[in-house]
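Chains as they are written, first to last, in the working numbering: chain A, 1 to 94; chain B, 95 to 448.
Beta carbons: idealized from backbone N, C-alpha and C, even for Gly.
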Amino acid sequence: MGGVRTAGDLVAWMQLTRRMKIDQAKDYVAAKLNLKREDLTDEAIMAKVRYEKGLGSVIPDHDEYTGMAAKCKIAELLDISINSVNLFQKHLRQ
Amino acid sequence: MREVTTSSGDGCKIRLTEDELRKDIVTGSEDAARKGKIDGLTEAEINHMVDIFRQPGKTVSVEPGMEVIVTDDGAGISASWGKPSAGHALPMSDHQNILMYERVYCGDTCGLGFPDYSYKPVKSAIGYARSHYKTISMLTTIPLIYGSQPNMGMYYHPTGPIESPSDYFRAYDFEKAFQVQEDAAQMMRKDIFYVAEQLYEIGCEAINLDTTGSAGDAEFWGCLSVVEDIKSKMPDLPVEMGMAGEMIMGLHSKMTYKGKRLAGMYPHQQAEMAARAGVDIFGVAVNSDTARSTPYNLSRTVTFTKAAALHTSIPIHANSGMGVGGMPMTLLPPVGCSTRCAKALVEIGKADGL
């Protein structure tokens, strides 16, 4: 689907964490982003959305969310549990 | 009549007339339907597949809106790995390689593993696996899936502690041959659980049981059982399971799971068992016949994949590459075949991913 170039990683998170079929996963992500399903593979739209929401991107600026910081935002946006994010946030709290 | 250029199952380029193309597609679907006791492709689906092979471009793609995600069994780290793992031997770290896969190649997920790609050797190198995974997962945005093969055959002599069932079969001591397979399955089950638990502690986002069932029905039983174990203790650790082949070999033949005999199961039945065990994404693997054409092999795969996708509630990813998923049995598959296989598996086979 294009990974961080579009919304492929977000759809993949939904398949992994909620066992969603492809259409269901796309609909879920589109609803969370307030987009139409076809927007999920539109590079122009997704680049802007990913930057605004801090979800990581293909060409990240140096002050942009990347890696774990972007994953924290993704877990929050999609309302899912990501084990690495949980561990990182536990370390921040303790 | 215009001829279509494609490849045979061994990778050699071949040319088919449209009649030959259609005949191979029909025969392939009928073979899968007969073996799996499932529905064959409809006339419309056969026409669709003929169209996919007739498209004049060297490569093809799915229609807009039908894009799916990809998971892999080492594609994301192939640049830094060597030839035994089908890698490109570039002088770069796995860290650099995976970030390149995420931001340059734009993979939807990325697999990570140990070069000796089985759970048994990973157990011995678990400290390395933990630090490797933890460090890389701090840098990645896409799901990082730790993959390894169950590879129950490694538990038999001479590489493992358990006597080989083949020796007992040769001596007609069937009960002992069954017993050693069950012992190996239990040992493998413990090792996979140990690795999963160790990786979960350091934030593992998902694991992949890759090439499941390579040593037959006892191995499949061990894998289903360990998925239950994992989900019981670590319910939020996603598990992907990819298969070794289209049919579970009955090397034991009496193994059952939830009352169903595992030997002889085809993809739609395997997927159902996997879903019941707690698997989150199931990978269908359908073998290619090197003596037949890609349209024949792909038609079989699409027929099996469609049955699994329609039969099962969890996402189905079709394994497609190097001898499975319609693809020729070559290390460097022709792109004309790989893109046609991907398109047909998604548009006709209803795969949720590749």
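Beta-carbon separation (whole angstroms), residue i vs residue j, contact threshold 8 Å
| i | j | result |
| --- | --- | --- |
| I236 of chain B | T203 of chain B | 5 Å |
| T436 of chain B | T406 of chain B | Note that residue 436 of chain B corresponds to Ala in the displayed sequence, not to Thr. The Cβ separation is near 20 Å, so there is no contact. |
| Y227 of chain B | Y240 of chain B | 6 Å |
| I146 of chain B | R386 of chain B | Their Cβ separation, rounded to whole angstroms, is 17 Å, which puts I146 of chain B and R386 of chain B out of contact at 8 Å. |
| T121 of chain B | Y390 of chain B | 6 Å |
| D39 of chain A | A31 of chain A | Contact doesn't hold; Cβ gap of about 12 Å is too wide. |
| V91 of chain B | I45 of chain A | No answer is possible for residue 91 of chain B: the residues shown for chain B start at 95 and end at 448. |
| S187 of chain B | S174 of chain B | 6 Å |
| S84 of chain A | G297 of chain B | 4 Å |
| G170 of chain B | G201 of chain B | 6 Å |
| E322 of chain B | A371 of chain B | 5 Å |
| I132 of chain B | H362 of chain B | 6 Å |
| F449 of chain B | V320 of chain B | Nothing can be reported for residue 449 of chain B, as the shown portion of chain B is limited to 95 through 448. |
| I119 of chain B | S393 of chain B | 4 Å |
Spatial distance of residue i from residue j (CA atoms)
| i | j | result |
| --- | --- | --- |
| G168 of chain B | D330 of chain B | 23 Å |
| A65 of chain A | Q94 of chain A | According to the sequence shown, residue 65 of chain A is Tyr rather than Ala. The alpha-carbon atoms of Y65 of chain A and Q94 of chain A are separated by roughly 23 Å. |
| D104 of chain B | L345 of chain B | 27 Å |
| T153 of chain B | E334 of chain B | 29 Å |
| S225 of chain B | L293 of chain B | 9 Å |
| I220 of chain B | V289 of chain B | 7 Å |
| V4 of chain A | I342 of chain B | 37 Å |
| L47 of chain B | E313 of chain B | The shown model of chain B, from 95 to 448, leaves out residue 47 of chain B, and the question about it has no answer. |
| L10 of chain A | L135 of chain B | 32 Å |
| T399 of chain B | D277 of chain B | 32 Å |
| G415 of chain B | G430 of chain B | 13 Å |
| S258 of chain B | D210 of chain B | 21 Å |
| P422 of chain B | V378 of chain B | 16 Å |
| K325 of chain B | A300 of chain B | 12 Å |
| L318 of chain B | A338 of chain B | 14 Å |
| P178 of chain B | C106 of chain B | 23 Å |
| S308 of chain B | A183 of chain B | 27 Å |
| L35 of chain A | K71 of chain A | 20 Å |
| H251 of chain B | N302 of chain B | 26 Å |
| N381 of chain B | D61 of chain A | 45 Å |
| M367 of chain B | S242 of chain B | 20 Å |
| I230 of chain B | G358 of chain B | 40 Å |
| Y262 of chain B | M282 of chain B | 20 Å |
| E112 of chain B | A127 of chain B | 23 Å |
| S57 of chain A | L233 of chain B | 13 Å |
| T264 of chain B | M248 of chain B | Per the sequence shown, the amino acid found at residue 264 of chain B is Arg instead of Thr. Going from the Cα of R264 of chain B to the Cα of M248 of chain B covers about 20 Å. |
| A369 of chain B | Y199 of chain B | 31 Å |
| A137 of chain B | D125 of chain B | Reading off the sequence, residue 137 of chain B comes out as Glu, not Ala. If I take the Cα positions, the gap works out to 16 Å. |
| G420 of chain B | A279 of chain B | 30 Å |
| D63 of chain A | L33 of chain A | 22 Å |
| A25 of chain A | M14 of chain A | 6 Å |
| T99 of chain B | R148 of chain B | 9 Å |
Reference residue i; option with closest CA among the options
| i | options | result |
| --- | --- | --- |
| P332 of chain B | B:I408, B:D311 and B:V162 | B:I408 |
| V396 of chain B | B:A438, B:V321 and B:P422 | B:A438 |
| D79 of chain A | A:G8, A:T17 and A:G67 | A:T17 |
| K444 of chain B | B:A401, B:P427 and B:L425 | B:A401 |
| M143 of chain B | B:R116, B:D267, B:C298 and B:I132 | B:R116 |
| V274 of chain B | B:M349, B:S393, B:I140 and B:M367 | B:M349 |
| S102 of chain B | B:E441, B:D446, B:V440 and B:P427 | B:P427 |
| G417 of chain B | B:K354, B:L425 and B:V320 | B:L425 |
| E52 of chain A | A:M14, A:K73 and A:L87 | A:K73 |
| K48 of chain A | A:A7, A:N86 and A:M20 | A:A7 |
| H411 of chain B | B:D383, B:T384 and B:E441 | B:E441 |
| E157 of chain B | A:A75, A:L92, A:H91 and A:T41 | A:T41 |
| D304 of chain B | B:K354, B:M246 and B:G254 | B:M246 |
| H91 of chain A | B:G447, B:E295 and B:D261 | B:E295 |
| P150 of chain B | B:A127, B:R283, B:R96 and B:K131 | B:R96 |
| P244 of chain B | B:T165, B:Y266 and B:K217 | B:K217 |
| I192 of chain B | B:L238, B:E269 and B:E124 | B:L238 |
| D374 of chain B | B:T165, B:E114 and B:M160 | B:T165 |
Any non-hydrogen atom of the ligand COA within 7 Å of residue i CB
| i | result |
| --- | --- |
| D125 of chain B | No copy of the ligand COA appears in this structure; indeed no ligand is present at all. |
Determine which residues of the stretch 319-342 of chain B have a Cβ less than 8 Å from any Cβ of chain A, and write them out in chain order. D330, L331, P332 and E334
If contact means a Cβ-Cβ distance below 7 Å, which residues of the stretch 212-238 of chain B contact chain A? S231, M232, L233, T234, T235, I236 and P237
Using Cβ-Cβ distances below 9 Å, what residues of the stretch 398-424 of chain B are close to chain A? A403, S407, I408, P409, I410 and H411
Taking only beta carbons into account, state which residues of the stretch 9-32 of chain A come closer than 8 Å to chain B, listed in chain order. D9, V11, A12, W13, Q15, L16, T17, R19, M20, K21, I22 and A25
To be precise: take each residue of the stretch 303-319 of chain B, compare its Cβ to all Cβ atoms of chain A, and keep it if any distance is under 9 Å. Which residues remain? none
Please identify, using Cβ separations under 7 Å, the residues of the stretch 58-69 of chain A that lie next to chain B, in order along the chain. V58, T66, G67 and M68
What are the residues in the stretch 189-213 of chain B lying within 7 Å of chain A by C-beta distance? E196, R197, C200, G201, D202 and T203
Listed in chain order, which residues of the stretch 352-381 of chain B have Cβ atoms closer than 9 Å to some Cβ of chain A? A369, V373, D374 and I375
In chain order, what residues of the stretch 245-272 of chain B put their CB closer than 7 Å to some CB of chain A? none
Taking a cut of 8 Å between CB atoms, which residues from the stretch 167-191 of chain B lie near chain A? none
Pull out every residue of the stretch 146-161 of chain B whose Cβ sits closer than 8 Å to any Cβ of chain A, in chain order. P158, G159 and E161
Anything in the stretch 103-119 of chain B with a Cβ closer than 9 Å to a Cβ of chain A? List those residues in chain order, please. none
Taking beta-carbon pairs under 8 Å, can you tell me which members of the stretch 279-303 of chain B lie near chain A? Y294, I296, G297, C298, E299 and A300
Name the residues in the stretch 35-56 of chain A whose C-beta lies less than 9 Å from a C-beta of chain B; which are they? R37, E38, L40, T41, L55 and G56
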